[in-house]
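Everything on this sheet refers to the single structure shown next.
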Amino acid sequence: MIEYTWENLRRPFLLLMICMFCLKANESFAQKIPANIKVLLDELPPLHFDRGDRELLYQYSVGDLSGLSDEDSRNIIRELARRGVGTISFWRKGDKMESSMEEGVRIARIQQALGLKVVVDASDLLYGFYDGSPASFHVDHKGILYADSSFDGQKMGCPFTVHKRIPVIRSRIAAFVEAYKAAGVNIDMATADWEIDGPIEWNDAWANAKNCVRCRKNLPDINNFKSFQAVLRSMRSKLLREVYANPVKEKFPEVLITNYAVYPNDGWRYWYDYFEYPQPELPHIKDQQALYRPWYQEFTETGLTMAMPVMYTWYPTYDWYPAYSPDYRWFYNMLKVGSNAAEHTPSGIPIASFVHWHTTVPPENPDKRVQQMSRGAYQELLWHLLLRGHDLLFSWCLKEEIREEMQLLQEVYDQSLRYNEWLKNGQPLIFDVPKEESSVVSAIRLNNKVLVRRTDFKINKKPIVVNVDGVYLKIPYKPGECQVFSLE
Ligand SMILES: [Zn+2]
Numbered sequence: 011m012i013e014y015t016w017e018n019l020r021r022p023f024l025l026l027m028i029c030m031f032c033l034k035a036n037e038s039f040a041q042k043i044p045a046n047i048k049v050l051l052d053e054l055p056p057l058h059f060d061r062g063d064r065e066l067l068y069q070y071s072v073g074d075l076s077g078l079s080d081e082d083s084r085n086i087i088r089e090l091a092r093r094g095v096g097t098i099s100f101w102r103k104g105d106k107m108e109s110s111m112e113e114g115v116r117i118a119r120i121q122q123a124l125g126l127k128v129v130v131d132a133s134d135l136l137y138g139f140y141d142g143s144p145a146s147f148h149v150d151h152k153g154i155l156y157a158d159s160s161f162d163g164q165k166m167g168c169p170f171t172v173h174k175r176i177p178v179i180r181s182r183i184a185a186f187v188e189a190y191k192a193a194g195v196n197i198d199m200a201t202a203d204w205e206i207d208g209p210i211e212w213n214d215a216w217a218n219a220k221n222c223v224r225c226r227k228n229l230p231d232i233n234n235f236k237s238f239q240a241v242l243r244s245m246r247s248k249l250l251r252e253v254y255a256n257p258v259k260e261k262f263p264e265v266l267i268t269n270y271a272v273y274p275n276d277g278w279r280y281w282y283d284y285f286e287y288p289q290p291e292l293p294h295i296k297d298q299q300a301l302y303r304p305w306y307q308e309f310t311e312t313g314l315t316m317a318m319p320v321m322y323t324w325y326p327t328y329d330w331y332p333a334y335s336p337d338y339r340w341f342y343n344m345l346k347v348g349s350n351a352a353e354h355t356p357s358g359i360p361i362a363s364f365v366h367w368h369t370t371v372p373p374e375n376p377d378k379r380v381q382q383m384s385r386g387a388y389q390e391l392l393w394h395l396l397l398r399g400h401d402l403l404f405s406w407c408l409k410e411e412i413r414e415e416m417q418l419l420q421e422v423y424d425q426s427l428r429y430n431e432w433l434k435n436g437q438p439l440i441f442d443v444p445k446e447e448s449s450v451v452s453a454i455r456l457n458n459k460v461l462v463r464r465t466d467f468k469i470n471k472k473p474i475v476v477n478v479d480g481v482y483l484k485i486p487y488k489p490g491e492c493q494v495f496s497l498e
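Under our numbering, the residues of the sequence shown are numbered 11 to 498, in order.
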């Protein structure tokens with residue numbers, strides 16, 4: 011018989027209080043975890059295979075841990091990394107600049123202590139070459155100032171005003187870089203999504219420049235589009251180099267630094283961003299209903315050290331290739347974009363690729379004919395990108411898409427860890443994208459062996475024969491598998 015005295019009840023009472031405190035603390039911790047991160051921790055399993063020194067996956071919303079203690083931040087960064095997902099520190103300007111710097115350094119310390127790469131994003135700092143002020147606008151022969159509103163309604167200005175903004179924007183980047191250096195932390199990777207700002211040649215840009223007295227004075231060959239493109243792209247590259255690549259590389263010479271959609275290429279671009287549209291009046295190549303655009307070789311002029319192509323299921327792509335099955339319409343275009351970057355990027359330059367599965371930027375009332383790419387075809391695409399030399403995968407998506415996007419990406423990434431040695435040291439051999447819808451093969455060579463992926467879009471269970479590095483290989487039908495062959 012227990013007597014209900016304080017002496018007897020003290021221990022259980024105190025234990026109960028401790029438990030309640032822990033539950034409460036845990037609950038408030040859970041509430042503080044940003045929703046996008048919580049879904050990844052809840053839904054993604056830890057990796058099954060050893061990651062070795064392969065880079066993590068990056069999801070372009072995963073980064074803000076500012077409400078959390080050092081210990082909680084460390085736990086989250088570590089748990090994300092166990093699932094193959096990295097954390098990005100998003101640098102902010104204006105009145106958030108100082109706190110963003112402190113937070114970036116705090117996260118960098120945690121990442122370094124965990125043996126992880128320090129990854130930052132400078133997009134917010136880079137914007138503002140066209141700052142919306144009349145001083146940045148074009149000027150016509152009557153002296154009237156005007157902006158170009160054909161880029162998603164932004165006030166795009168005159169390319170011959172941007173030089174005045176270089177010191178302002180460069181100083182923002184320099185301040186962050188200096189803060190990291192002073193704190194004794196590294197910057198291993200710097201990314202940016204700098205898009206609708208600064209000189210761009212598409213949409214109404216050429217027409218607006220032809221009406222501007224300042225542009226006409228600076229561009230004697232303004233009536234030649236290719237020459238207009240070359241000057242504007244070269245100016246754009248110089249901005250990236252002077253305000254972004256150079257200041258970061260000065261303090262961190264080993265940094266992998268990149269910007270969205272800037273990558274070596276074959277002189278053509280096979281996709282349009284959401285704010286761009288086909289212009290049949292300009293030089294182009296036609297492929298079924300697709301119009302491919304000439305592109306300037308900007309990469310080397312930017313000083314960037316990592317290429318960043320974009321393989322998205324842009325809504326209009328579906329109607330470009332009526333000769334193909336729904337899946338091959340998406341796959342053909344995305345592999346064409348990815349192969350172009352892979353084939354033309356020198357081997358010392360890593361390729362960090364933005365990918366997105368859900369149909370991208372559909373109109374308000376999407377046409378029911380436009381079929382979502384299947385999960386299977388998307389995952390096959392990811393395999394072919396890896397076997398063609400893409401090194402890192404970056405996911406951009408809407409909030410509500412994050413679970414499925416990251417599950418699809420993580421499954422392929424996890425399985426691909428088994429082939430780390432191939433993906434790190436192998437030589438990709440095939441960049442061809444069949445115009446005839448049938449089977450697609452990618453192959454990567456390591457010493458005398460070759461790792462092959464075969465994906466069939468038309469039913470064909472027979473072996474196919476492919477010339478791989480001068481050797482005719484008979485590749486059996488093995489859907490969803492990588493196959494290894496000897497080249498001897
Ligand atoms: Zn102008």
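Idealized CB from N, CA, C, for every residue including glycine.
Residue(s) in a DSSP beta bridge with residue i
i	result
N477	Y482
D158	M166
L67	V95
V371	Per DSSP, none; premise fails for V371.
H366	Y322
T465	V450
L135	None; L135 has no bridge partner.
S357	Partner(s): none; S357 has no beta bridge.
R84	The partner list for R84 (beta bridge, DSSP) is empty, contrary to what the question assumes.
F495	V460
H148	Y156
F59	Bridge partners of F59: none, in fact.
I130	According to the sequence shown, residue 130 is Val rather than Ile. Bridge partners of V130: S99, A200.
R455	Q437, V460
Residue i, buried or exposed, once every other Cβ within 10 Å from all chains shown has been counted against 16
i	result
W340	buried
H58	exposed
I120	buried
R385	exposed
W330	buried
R20	exposed
N234	exposed
L408	exposed
A192	exposed
Y334	buried
G96	buried
P55	exposed
D337	buried
I210	buried
Y482	exposed
I47	buried
Q298	exposed
K378	exposed
R182	buried
Nearest residue (CA-CA) to residue i, options the options
i	options	result
V178	V253, F467, V478	V253
N375	M111, Y325, G313	Y325
H433	P209, P55, R64	The sequence shown places Leu at residue 433, rather than the His named in the question. The option with the nearest alpha carbon to L433 is R64.
P438	Q389, N350, P372, G490	N350
S244	F170, I197, A217	F170
L391	F364, L51, D377	F364
T355	N46, D74, P319	P319
S426	S76, I210, H400, R279	H400
L345	V72, D377, L395	L395
E123	R84, A157, R102, E113	Contrary to the premise, residue 123 reads as Ala rather than Glu in this sequence. Checked all of R84, A157, R102, E113; the closest Cα to A123 is R84.
P360	A317, Y322, G167	A317
R455	L497, M416, R464	L497
F309	N213, S247, K220	S247
Y106	A157, A118, L126, S76	Contrary to the premise, residue 106 reads as Lys rather than Tyr in this sequence. Looking at the Cα atoms, S76 is the closest of the given residues.
G73	D424, R116, D276, Y137	R116
G153	T323, S160, A145	A145
L314	E353, D283, T268, F285	T268
T327	W305, V371, Y306, E353	V371
L3	L67, L66, P486, R92	The shown model of the chain, from 11 to 498, leaves out residue 3, and the question about it has no answer.
Residue i beta carbon near ligand 3 (any heavy atom closer than 7 Å)
i	result
G436	Looking for ligand 3 in the displayed structure turns up nothing; the ligands present are ligand 1.
Handout entry: ligand 1 site residues, beta-carbon cut 7 Å against heavy atoms
Key = H148, V149, C168, P169, F170, A219, C222, R224, C225
Exercise for the section: Please go through the segment 381–441 and give each complete beta strand (DSSP E) segment of 3 or more residues, from N-terminal end onward. Expected result: 402–405
Handout entry: Any alpha helix (DSSP H) of 4 or more consecutive residues that is wholly inside the segment 268–345
Key = 309–312
Handout entry: In chain order, each alpha helix (DSSP H) run of at least 4 residues that lies wholly inside the segment 226–270
Key = 235–250, 256–261
Handout entry: Unbroken stretches of the alpha helix (DSSP H), 4 residues or longer, contained in the segment 167–218
Key = 176–192, all fully within the segment 167–218.
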